[in-house]
Amino acid sequence: MKKQFFIANWKSNKTGKEAKEWLHEFTVHSSQFTDSKENTIILCPQFPLLSLCHEFITRHELSLAIGAQDISPFIEGAYTGAVAGKLIREFASYVIIGHSEARKYFHQTQEELSQKVAMALSVGLTPIYCVSEKTEKIPTGVTVVAYEPLAAIGSGRPDNPEDVEAVAGFIKEKNDVLYVLYGGSVTPESVTQYTSLASIQGVLVGGASLSANKFASIIQHA
Ligand code: PGA
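Numbering (the working numbering), first residue to last: 74 to 295.
Next comes the structure, spelled out in structure tokens:
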């Protein structure tokens, strides 16, 4: 059985109350996942929810890791508005870097993304580095890459599995990357088309992860 990552990217969604409801619902399903050491399940909420999620997961002993959705490229200090890696590390083990929405809406540059990766690694966070093109530069030290073609994100039109396999193979061949995940309109119905691919080791889920039942169903169907 190969190692698989299942990542719930909540993006800019959920209040504290909604996060708690999701966690309670997910707890009902989680007993089915705890035995599988091969699966890493990661929840990526907005920054202010990191503490709440961490506290809930610890208290209920859920096998659910936490990831942030971004990280400051700077160490702590006079950088108003930025969230320092050192603080993120108190709650999370992973961080999404280079998501196409962050590149598009917050104009994150390649240089900045490389700095974010370096910062994440320096505080002990594992970067989940997103690319939407197979030839995109992947910073040194990245071991987990999520391939998310732009047309597939949030569109209900997931990419063709043969193309995904070819791109994942290419990324692994050209970079020192251990795991390539697929992201883009993954659902319980489509997940197995991707997790069964030889070069793919999991999925990054946006829309369908907002429902705990759907996200659990994705893990079960993989
Ligand atoms: P989606 O988002 O599953 O809603 O397409 C995936 C992502 O952007 O991480």
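Note that beta-carbon positions come from the ideal geometry of N, C-alpha and C, so glycine has one too.
Quick caveat, the model's predicted, so the values are computed rather than measured.
| query | result |
| --- | --- |
| Nearest candidate by alpha-carbon position, reference H127, set S103, L96, Q105 and E149 | L96 |
| For Y255, the residue or residues it bridges with in DSSP | Y220 and V276 |
| Alpha-carbon spacing of I170 relative to T88, whole angstroms | 23 Å |
| Residue range of the unbroken beta strand (DSSP E) whose run includes I291 | Segment A285 to H294 is the alpha helix (DSSP H) holding I291; no beta strand (DSSP E) there. |
| beta-carbon E262 near ligand 1 non-hydrogen atom, thresh 7 Å | no |
| C-alpha distance - E221 paired with Y255, whole-angstrom precision | 6 Å |
| Cut-off 7 Å between Cβ atoms - residues of its own chain near S272, not counting five sequence neighbours on either side | E238, A241, G242, K245 and V253 |
| Within the region 91–175, ranges of the beta strand (DSSP E) (whole runs, at least 3 residues) | 112–117, 138–141 and 167–170 |
| Collapsed DSSP secondary structure at I201 in the structure displayed | strand |
| Rounded Cβ spacing between V264 and A295 (contact assumed at less than 8 Å) | 5 Å |
| Alpha helix (DSSP H) segment containing F243, residue limits | P234 to K247 |
| Rounded separation between A92 and S124 - CA only | 11 Å |
| Q266 versus P234: straight-line alpha-carbon distance, rounded | 6 Å |
| CB contact flag (I114, S136, <8 Å) | yes |
| Collapsed DSSP secondary structure at Q181 in the structure displayed | coil |
| E128: CB within 7 Å of a non-hydrogen atom of ligand 1 | no |
| Classification of D236 by the beta-carbon crowding that lies within 10 angstroms, buried from 16 upward | exposed |
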